[in-house]
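Following: one structure in structure tokens, then a few remarks.
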Amino acid sequence: MHINVNLSSPIKITDSDGLLVIDMQNDFLPGGSLAVTDGDTIIPGINDLGNFFSQNNQIVFTQDWHPPDHHSFASVHTGKNPFDEYSGPGLGPVLWPDHCVQGSKGAEFAPNLDQKLANMILRKGYHKSLDSYSAFLENDKKTKTGLNEYLKAFNITNVFICGLALDYCVKYTALDARILDFDVYVILDLTKPVYTEESVLTKVLTDLESNQVRFILLKDLRF
Ligand SMILES: [Zn+2]
1150 MHINVNLSSP
1160 IKITDSDGLL
1170 VIDMQNDFLP
1180 GGSLAVTDGD
1190 TIIPGINDLG
1200 NFFSQNNQIV
1210 FTQDWHPPDH
1220 HSFASVHTGK
1230 NPFDEYSGPG
1240 LGPVLWPDHC
1250 VQGSKGAEFA
1260 PNLDQKLANM
1270 ILRKGYHKSL
1280 DSYSAFLEND
1290 KKTKTGLNEY
1300 LKAFNITNVF
1310 ICGLALDYCV
1320 KYTALDARIL
1330 DFDVYVILDL
1340 TKPVYTEESV
1350 LTKVLTDLES
1360 NQVRFILLKD
1370 LRF
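Position 218, counted from 1, in the sequence shown is what the working numbering calls 1367; the numbers after and before it change by one each time, with no gaps.
Here it is, written out as structure tokens:
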């Protein structure tokens, strides 16, 4: 990515920090039905980071988990193709190829992702007529996933977010985390976007920055 953003200076991780690993599933990786370019390249770094975090912190993996006839899929809308624009309550702005269908190989975590790191696995997107980009609230902005209450039960005040994809689930998770009063860092070298055009990415990062989401690199996290 050739985007200029302000990067945070090094930070020491404490017990009030949580790590959110978003949607590291086969369908979002090269070879999957909704593949994010180079999505697999961030897995070793996530494993390394999770191993540093794991002693005292909460680590949550999220898993996109759709019924086979989920309304975010172009295949359930007559005459629509994947990536066509679409807006409906809790859906859009585009329709997707079928992905992360409950119980399918595509919905499984990447085989080389170290699943032992997760304290909790949160599944989202299982309501048929509602998508869930954010790990906190589904796309109607009302239906809770329980993640906010979970993190607060463990006195987590800061969240570090990595995974896929930067311009959808990472972005909306970060924005909701800010609304819910967490300090939020996106680990910029441990995420990749669906849409890689520079103008699109710049807008995503600007939106995040203007909501006080901060950016950091893996090398600047200290333990
Ligand atoms: Zn999905």
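Note that the Cβ used here is the ideal one computed from N, Cα and C, for glycine as well.
Since the structure is predicted, the reported quantities are computational estimates derived from the model, not experimental observations.
Roughly how many angstroms lie between the CA atoms of P1238 and Y1275, to the nearest whole one?
Position 89 of the sequence shown, counted from the start, is the residue given in the question as residue 1238. Position 126 of the sequence shown, counted from the start, is the residue given in the question as residue 1275. Near 15 Å, if we compare the C-alpha coordinates of Y1275 and P1238.
How far does the beta strand (DSSP E) with G1194 in it reach, from first residue to last?
Along the sequence shown, read from residue 1 onward, the residue named residue 1194 stands at position 45. No beta strand (DSSP E) contains G1194, which is instead part of the alpha helix (DSSP H) from 1192 to 1202.
Hey, quick one: how far does the beta strand (DSSP E) through N1307 stretch, first residue to last?
As a working mapping, residue 1307 is identified with position 158 in the sequence shown. Counting along the chain, N1307 sits inside the beta strand (DSSP E) bounded by residues 1307 to 1313.
Could you tell me whether the segment 1345 to 1360 touches the segment 1188 to 1203, using the rule of 3 or more Cβ pairs below 8 Å?
Not touching, per the Cβ criterion.
How would you call F1303, buried or exposed, if buried means at least 16 neighbouring beta carbons within 10 angstroms?
For the purposes of this step, residue 1303 is identified with residue 154 of the sequence shown, where counting begins at 1. Here F1303 is exposed: its Cβ has fewer than 16 other Cβ atoms, across all protein chains shown, within 10 Å.
Hey, could you find the ends of the alpha helix (DSSP H) Y1299 is sitting in?
As a first step, residue 1299 is located in the sequence shown; it is residue number 150 there, counting from the start. Where Y1299 is concerned, the enclosing alpha helix (DSSP H) stretches over 1296 to 1302.
Quick one: what's got a C-beta closer than 6 Å to V1225's C-beta in the same chain, skipping five residues either side?
On the sequence shown, residue 1225 is found 76 positions in, with the first residue counted as 1. The answer, listed in chain order, is D1218.
With 16 as the cutoff for other CB atoms within 10 Å, does F1309 come out buried or exposed?
Reading the sequence shown from its first residue, position 160 is the one you call residue 1309. The residue is buried, with at least 16 neighbouring Cβ atoms inside 10 Å.
What does DSSP give as the partner residue(s) for K1254 in the beta ladder?
If you number the sequence shown from 1, residue 1254 lands on position 105. For K1254, which the question treats as bridged, DSSP gives no partner whatsoever.
Which residues in the same chain as P1246 place their Cβ atom closer than 6 Å to its Cβ, once the five residues preceding and following it in sequence are excluded?
Indexing the sequence shown from 1 puts residue 1246 at position 97. Its chain contains S1182, L1183, P1231 as the residues whose beta carbon lies nearer than 6 Å to that of P1246, once the 5 sequence neighbours on both sides are disregarded; these appear in chain order.
State yes or no: is the C-beta of R1371 within less than 9 Å of the C-beta of D1332?
Here residue 1371 corresponds to residue number 222 of the sequence shown, with the count starting at 1. Here residue 1332 corresponds to residue number 183 of the sequence shown, with the count starting at 1. With a cutoff of 9 Å on beta-carbon distance, R1371 and D1332 are scored as not near each other.
Give the single residue among D1176, D1172, F1285 whose Cα lies nearest to the Cα of A1267.
Working through the sequence shown from its first residue, we reach residue 1267 at position 118. When D1176, D1172, F1285 are compared, the shortest CA-CA separation from A1267 is found for D1172.
Following a CB-centred definition, is H1215 positioned closer than 8 Å to any heavy atom of ligand 2?
With respect to small molecules bound, the structure shown includes ligand 1 and not ligand 2.
Could you check which residue in L1357, T1306, I1305, Y1299 has the C-alpha nearest to that of C1318?
As a working mapping, residue 1318 is identified with position 169 in the sequence shown. Checked all of L1357, T1306, I1305, Y1299; the closest Cα to C1318 is L1357.
Measuring straight from C-alpha to C-alpha, what distance separates L1366 and T1227?
In the sequence shown, counting from the first residue as 1, residue 1366 sits at position 217. In the sequence shown, counting from the first residue as 1, residue 1227 sits at position 78. Rounded to the nearest angstrom, the two C-alpha atoms are 43 Å apart.
Can H1276 be considered in contact with ligand 1, in the sense that its beta carbon sits closer than 8 Å to one or more heavy atoms?
Residue mapping note: residue 1276 aligns to position 127 of the sequence shown, counting from 1. Shortest gap from the CB of H1276 to any heavy atom of ligand 1: 8 Å or more.
Other residues of its chain near R1272: CB distance less than 7 Å, five sequence neighbours each side excluded
As a first step, residue 1272 must be located in the sequence shown, where it is residue number 123. In its chain, beyond the 5 residues on either side, Q1212, W1214 have a beta carbon closer than 7 Å to the beta carbon of R1272.
Do L1198 and L1313 count as a contact pair if the criterion is CB distance below 9 Å?
Counting from one through the sequence shown, the residue named residue 1313 turns up at place 164. Counting from one through the sequence shown, the residue named residue 1198 turns up at place 49. Contact flag unset, no.
At the 9 Å Cβ level, is S1224 part of the contact set with chain C, yes or no?
Among the chains in the structure shown there is no chain C, since it carries only a single protein chain.
Environment of Q1174 [buried if 16+ CB atoms lie within 10 Å]:
If you number the sequence shown from 1, residue 1174 lands on position 25. By the 10 Å Cβ count, Q1174 comes out buried.
Provide the residue(s) that pair with I1171 in DSSP beta bridges, ordered along the chain.
If you number the sequence shown from 1, residue 1171 lands on position 22. DSSP lists G1312 as the beta-bridge partner residues of I1171.
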